[in-house]
Structures are given as C-alpha cells and as structure tokens.
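J.: Those letters in the sequence shown? Residues 232 to 378, per our numbering, in order.
Backbone N, C-alpha and C define an ideal beta-carbon position, used for all residues, glycine too.
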Amino acid sequence: MVQAQTTPNQKPDPLPAEKVKEFVGAGHNNLDKVKTLLAEFPTLVYCTWDWGGGDFETGLEGAGHVGNKEIANYLIEKGARTNLFVLTMLGKTQLVKAWLDAYPQYLFARGPHGYTLLHHANRGGEQAKELVDYLQHKGLKETRTTL
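1) Would you report the Cα separation of residue 246 and residue 275, rounded to the nearest angstrom?
2) Using CA coordinates, which residue listed in 261, 302 and 347 is at the minimum distance from residue 372?
3) Residue 377 to residue 344, Cα distance in whole Å?
4) From the DSSP output, which residues share a beta bridge with residue 330?
5) List the endpoints of the continuous alpha helix (DSSP H) containing residue 249.
6) Closest by CA to residue 199, which one among 333, 305 and 252?
7) In chain order, what residues of the same chain lie with their CB nearer than 6 Å to the CB of residue 289, ignoring the 5 residues before and after it?
8) Per DSSP, what are the beta-bridge partners of residue 281 in this structure?
9) What's the call for residue 352, buried or exposed, on a 16-neighbour Cβ count within 10 Å?
10) Please state if the CB of residue 250 and the CB of residue 268 are separated by a distance shorter than 8 Å.
11) Excluding five sequence neighbours on each side, which residues of the same chain lie with their C-beta closer than 8 Å to the C-beta of residue 349?
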C-alpha cells in the first residue's frame with residue numbers, strides 16, 4: 232500500500248489519475264482488479280472519473296449501471312458512498328420509494344452516461360422488478376438521456 236507522508240495540516244498528493252480511471256473501469260466488471268487496486272490505494276473507493284463533459288462516475292456507479300451486484304455489494308462493504316441509482320439496481324425498494332417520496336424530482340434524475348433509474352431497475356433483475364413497475368407507473372419511460 233502506498234501512503235504519502237503528511238504533516239497535520241497538509242493533504243497527501245492526489246491519487247494517480249491513471250489508477251482512478253483504471254479503478255472506475257474495473258468497477259464495471261472486474262472484481263479481482265477492484266480488490267487489487269483497493270489494496271494499493273484504499274481511498275479509490277471514493278474516487279470519481281470524468282469520462283468527458285462532466286460525465287462523472289465512481290467504481291460503484293459503474294457496477295450499478297451494468298447490474299454487477301457482486302462488485303456493488305463489495306464496494307459498499309468497503310465504504311463506497313452509494314446513491315439512488317445503485318440502490319435501485321440492488322432492488323432496495325423501500326429505500327428508493329422513500330427517497331422518491333421525499334424528493335419526487337429525482338424520478339427523472341440522470342446517472343452516469345445519462346442512464347436513468349429505470350435503466351438501473353432493469354439491470355437489477357428480479358430483485359428490482361417491483362421498482363421497474365413502480366418507476367413506469369410514476370411516469371418514467373426513458374432508460375437513457377443525454378447529460
């Protein structure tokens with residue numbers, strides 16, 4: 232593990248950009264690579280990568296929009312900051328409904344690459360089937376929009 236030496240008021244150097252990009256890419260479908268990179272740089276669990284034009288994504292969000300529950304759950308166990316899109320893919324129906332009751336404007340929110348909550352629910356398979364129906368009933372029809 233690489234650790235920078237710092238004084239109490241000094242921040243360490245930023246993580247290497249190539250490692251951030253590699254980690255976010257691996258978050259989609261390569262659990263072994265995710266584990267290897269986290270062993271070297273544990274704070275990658277919090278990082279985001281801008282794929283261009285403000286299309287930011289975390290490793291967890293990559294797992295979310297491709298429906299990779301194994302990687303998503305692993306990253307959550309490691310402290311990754313989850314969001315409504317990932318919770319939707321994981322089929323966390325009570326949490327998603329409560330969130331949308333409190334903030335109904337999120338129904339039409341756009342995640343990484345413009346993927347909607349409906350896309351994430353579809354990727355969640357049987358666990359998220361109730362959310363697919365719920366989101367469509369609420370009026371969400373699009374699975375992807377432009378950012």
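T.: The relevant details are as follows:
1) Residue mapping note: residue 246 aligns to position 15 of the sequence shown, counting from 1. Residue mapping note: residue 275 aligns to position 44 of the sequence shown, counting from 1. Between the alpha carbons of residue 246 and residue 275 lies a distance of about 8 Å.
2) Residue mapping note: residue 372 aligns to position 141 of the sequence shown, counting from 1. The option with the nearest alpha carbon to residue 372 is 347.
3) Working through the sequence shown from its first residue, we reach residue 377 at position 146. Working through the sequence shown from its first residue, we reach residue 344 at position 113. Roughly 8 Å between the two C-alpha positions.
4) Within the sequence shown, the letter at position 99 stands for residue 330. BP columns for residue 330 are empty, so no partner.
5) The sequence position of residue 249 within the sequence shown is 18, counting from 1. Run containing residue 249: 248 to 257, per the alpha helix (DSSP H) assignment.
6) No information on residue 199 is available, as it lies outside the stretch 232 to 378 that the chain covers here.
7) In the sequence shown, the residue the question calls residue 289 occupies position 58. Same-chain partners within the cutoff: 279.
8) To locate residue 281, count along the sequence shown from 1; it is residue 50. 287, per the DSSP bridge assignment.
9) Stepping through the sequence shown from its first residue, residue 352 is reached at position 121. Its Cβ being crowded by 16 or more others within 10 Å, residue 352 is buried.
10) Translated into positions along the sequence shown, residue 268 becomes position 37. Translated into positions along the sequence shown, residue 250 becomes position 19. Contact: yes.
11) Here residue 349 corresponds to residue number 118 of the sequence shown, with the count starting at 1. Within the same chain, residue 349 has close Cβ partners 363, 366, 367, 371, 372, 373 and 374.
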